[in-house]
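From first to last, the protein sequence lines stand for chains A and B. 1 is the number of the first residue of the first sequence in this note's numbering; add one for each residue after it. 1 is the number of the first residue of the second sequence in this note's numbering; add one for each residue after it. Where is the CB? At the ideal position from N, CA and C, for every residue including glycine. For reference, the structure is listed below as structure tokens.
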Amino acid sequence: MRASLVIAAREAASFFRSPIGWVVIALYLLLSGAFVALSTLRPGEPATLRAYFGVSQWILLIVAPAISMRLLADEARSGTLESLMTAPVSDWAVVLGKYLGSVAFLIAMLAPSLVYVALLEALANPDYGPLLAGYTGLLLVGMLYLAAGTLASALTENQTVALLATFFFFVFLDLAATQGGRWLGPPLDQALFSLSVLSRIADMAKGVIDTAHAAFFLSASTVFLVGAVVALESRRWR
Amino acid sequence: MIRLQDVHKSFGAVEAVRGITLQIAAGQVVGVLGPNGAGKTTTVRMIAGLIPPSCGTVTLAGMDSVSDSIGVRRRLGYLPESAPLYREMRVGDYLRYRARLYGLDRRAGRAAVGRCAELCRVADVRRRRIGHLSKGYRQRVGLASVLLHDPQVLILDEPTSGLDPAQIAETRRLIRDLAGTRTTVIVSHVLPEVERSCDRIILLARGRVQADGSPEALVKALPGAGRYTIEARAAPPSAGAPRSPDQVLRAVAGVESLEMMQSPDGWQRCLVGFAPNAPDQRERLAQACASAGLLVRELRPQAASLEDVYLRVVAYADNAHPAPAEGAAA
Numbered sequence: 001m002r003a004s005l006v007i008a009a010r011e012a013a014s015f016f017r018s019p020i021g022w023v024v025i026a027l028y029l030l031l032s033g034a035f036v037a038l039s040t041l042r043p044g045e046p047a048t049l050r051a052y053f054g055v056s057q058w059i060l061l062i063v064a065p066a067i068s069m070r071l072l073a074d075e076a077r078s079g080t081l082e083s084l085m086t087a088p089v090s091d092w093a094v095v096l097g098k099y100l101g102s103v104a105f106l107i108a109m110l111a112p113s114l115v116y117v118a119l120l121e122a123l124a125n126p127d128y129g130p131l132l133a134g135y136t137g138l139l140l141v142g143m144l145y146l147a148a149g150t151l152a153s154a155l156t157e158n159q160t161v162a163l164l165a166t167f168f169f170f171v172f173l174d175l176a177a178t179q180g181g182r183w184l185g186p187p188l189d190q191a192l193f194s195l196s197v198l199s200r201i202a203d204m205a206k207g208v209i210d211t212a213h214a215a216f217f218l219s220a221s222t223v224f225l226v227g228a229v230v231a232l233e234s235r236r237w238r
Numbered sequence: 001m002i003r004l005q006d007v008h009k010s011f012g013a014v015e016a017v018r019g020i021t022l023q024i025a026a027g028q029v030v031g032v033l034g035p036n037g038a039g040k041t042t043t044v045r046m047i048a049g050l051i052p053p054s055c056g057t058v059t060l061a062g063m064d065s066v067s068d069s070i071g072v073r074r075r076l077g078y079l080p081e082s083a084p085l086y087r088e089m090r091v092g093d094y095l096r097y098r099a100r101l102y103g104l105d106r107r108a109g110r111a112a113v114g115r116c117a118e119l120c121r122v123a124d125v126r127r128r129r130i131g132h133l134s135k136g137y138r139q140r141v142g143l144a145s146v147l148l149h150d151p152q153v154l155i156l157d158e159p160t161s162g163l164d165p166a167q168i169a170e171t172r173r174l175i176r177d178l179a180g181t182r183t184t185v186i187v188s189h190v191l192p193e194v195e196r197s198c199d200r201i202i203l204l205a206r207g208r209v210q211a212d213g214s215p216e217a218l219v220k221a222l223p224g225a226g227r228y229t230i231e232a233r234a235a236p237p238s239a240g241a242p243r244s245p246d247q248v249l250r251a252v253a254g255v256e257s258l259e260m261m262q263s264p265d266g267w268q269r270c271l272v273g274f275a276p277n278a279p280d281q282r283e284r285l286a287q288a289c290a291s292a293g294l295l296v297r298e299l300r301p302q303a304a305s306l307e308d309v310y311l312r313v314v315a316y317a318d319n320a321h322p323a324p325a326e327g328a329a330a
């Protein structure tokens, strides 16, 4: 675990050493801020951030893979992965460290949005329960996207391929989960629908904290990380 | 310290390493030499535990490189070719990061970073970004990073690749300083690299060990290179019709090449080449010169060099195990 934390700290710091980290944060805040300003901070609107959470799940679908695309792909391309793998650290420690570093960056990216909460507090009397549920949902879906992106980044040395693979995987997954049920009928349609990430996050954006949703995000993230470890190990055998 | 027992490694249909067995004792400085594609990097990557052998066993300090890979890596400092580093990091930050990766606590890490930065002469650039350094400095930062945990074994893959002559000389000096206290393996396809730094050379070609020994022993074991140096000049006119050394030596049976250089004092320096495996030709050359009345002040065989050994071994391996036809491995 110590090695994972060492790798995570370097990884998180590396986002801020390159312009891309700052650009990603700036773009995210610009887009989400504009949306909050136009849709929430208006007379007569309820004191919630439901609109922000709603748009953020879409922004995260492209921003999270942009964060994770370089985790292992860039290391493999530049050769630093070989240096890393000669240190006495397990493949698990490497994957977990990379992932935790990207999660730390995600938290750093979401943290400035707490200004919106402060604005709501200054202007009205918000209910903090839905706000907590919304932020938990954003974090969980972000962690899921990052875990899938870590797997994609372990499978290829091309960052663009890793980004597109992660993005389209979730687009197709959601399309299949929400539309595929028509052809399958009950009870398979319900099973397929349960794979829809966006419908689960929509529930949480409304303020619903469902442990089934949390378990889904966490277990799916774990599956992707196990896949990334297997992909990393398989490099030794190729 | 390092032991390989009948090690093979295949990548698909391509057999990169074909049955290598060797031992490297503690404290030895060994050069692994061979042409591109000889299996050098594959071999050291197996020693470092980065890839497993297809069959056979690799052990380092008694630990198996596959089943006890972490233990092997604790005792090993491995610098891959071109020293890949995080270019956006500062030198000091990078060395501290590597120290923590090797499990050194804060105090031990700080001491190790200071010691290795001094040893590898990068202390003056600790605050600079790695990406802003010259190649020579980056190579030394890479070296410092693999020495932090004071490894028993040091493996350097093409340590002077891409450096200019001054940087090469500096890196060689550094490697010689480092080699004194630990088992060191230097992988290279550059002859002077290993000739000057190593007390043992392992020549690989076509995935096999083709020669193994000290540079002197390898050269000594090689039959004469078939080249001779003669300094001669035509006899004075009173001795009869003068013949030039060029005419005399060209007439000797078996001469394959002849290079003439005129010395300022009137003597001619002749480099005479026979077939590489021809028997000693000194007597025949002396007789030819004497019967033509040439004055000779030097006649000696040219000693075989490590380059001769290298070329002979690689040529032998190519003849014994020709490369598969293009596309055959696909």
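- Where valine 122(B) is concerned, there is no enclosing alpha helix (DSSP H), because DSSP gives it neither an H nor an E.
- Nearest to glycine 137(A) by C-alpha distance, out of Lys206(A), Ala177(A), Leu81(A) and Leu100(A), is Lys206(A).
- Burial check for leucine 76(B): the Cβ neighbour count within 10 Å reaches 16 or more, so the residue is buried.
- For glutamine 167(B), the enclosing alpha helix (DSSP H) begins and ends at 165-179.
- In this structure leucine 101(B) is buried. Its beta-carbon is surrounded by 16 or more other beta-carbon atoms within 10 angstroms.
- With respect to chain A, the C-beta atom of tyrosine 86(B) has a partner C-beta closer than 9 angstroms.
- Contact with chain A is absent for isoleucine 2(B), since none of that chain's Cβ atoms lies less than 9 angstroms from the residue's Cβ.
- Residue pairing by DSSP places aspartate 64(B) opposite Thr59(B) in a beta bridge.
- The region 109-117 of chain A makes no contact with the region 6-18 of chain B: fewer than 3 CB pairs, one atom from each, lie closer than 8 angstroms.
- Taking C-beta atoms as the reference points, serine 39(A) and serine 145(B) fail to come closer than 9 angstroms.
- The secondary-structure analysis by DSSP pairs valine 185(B) across a beta bridge with Val30(B) and Ile155(B).
- At a Cβ-Cβ threshold of 9 angstroms, isoleucine 7(A) and leucine 151(A) do not count as neighbours.
- Alanine 202(A) is bridged by DSSP to nothing; it lacks a bridge partner.
- Annotation: proline 52(B) is outside any beta strand (DSSP E) and is labelled neither H nor E by DSSP.
- Within a 10 Å sphere around the beta-carbon of serine 67(B) sit fewer than 16 other beta-carbons, which makes this residue exposed.
- The beta carbons of valine 272(B) and leucine 295(B) sit no closer together than 9 angstroms.
- If you look at serine 56(A), you'll find it in the alpha helix (DSSP H) that goes 50-68.
- Residue state for leucine 95(B) is assigned as helix, using DSSP reduced to three classes.
- Annotated three-state conformation of glutamine 262(B) is strand, per DSSP.
- The contact set of glutamate 82(A) on chain B, defined by CB atoms closer than 7 angstroms, consists of Leu50, Pro80 and Pro84 in chain order.
- Residues Arg140, Val141, Leu143, Ala144, Leu147 and Leu174 of the same chain have their beta carbon placed closer than 8 angstroms to that of cysteine 120(B), with the five preceding and five following residues left out of the count.
- Taking C-beta atoms as the reference points, threonine 59(B) and aspartate 157(B) fail to come closer than 9 angstroms.
- Counting the other Cβ atoms within 10 Å of the Cβ of alanine 38(B) gives 16 or more, which makes it buried.
- Less than 9 angstroms separates the beta-carbon of valine 95(A) from that of leucine 232(A).
- Contacts with chain B at 9 angstroms (Cβ-Cβ) do not include alanine 8(A).
- Counted as a single uninterrupted DSSP element, the beta strand (DSSP E) harbouring aspartate 6(B) occupies residues 2-11.
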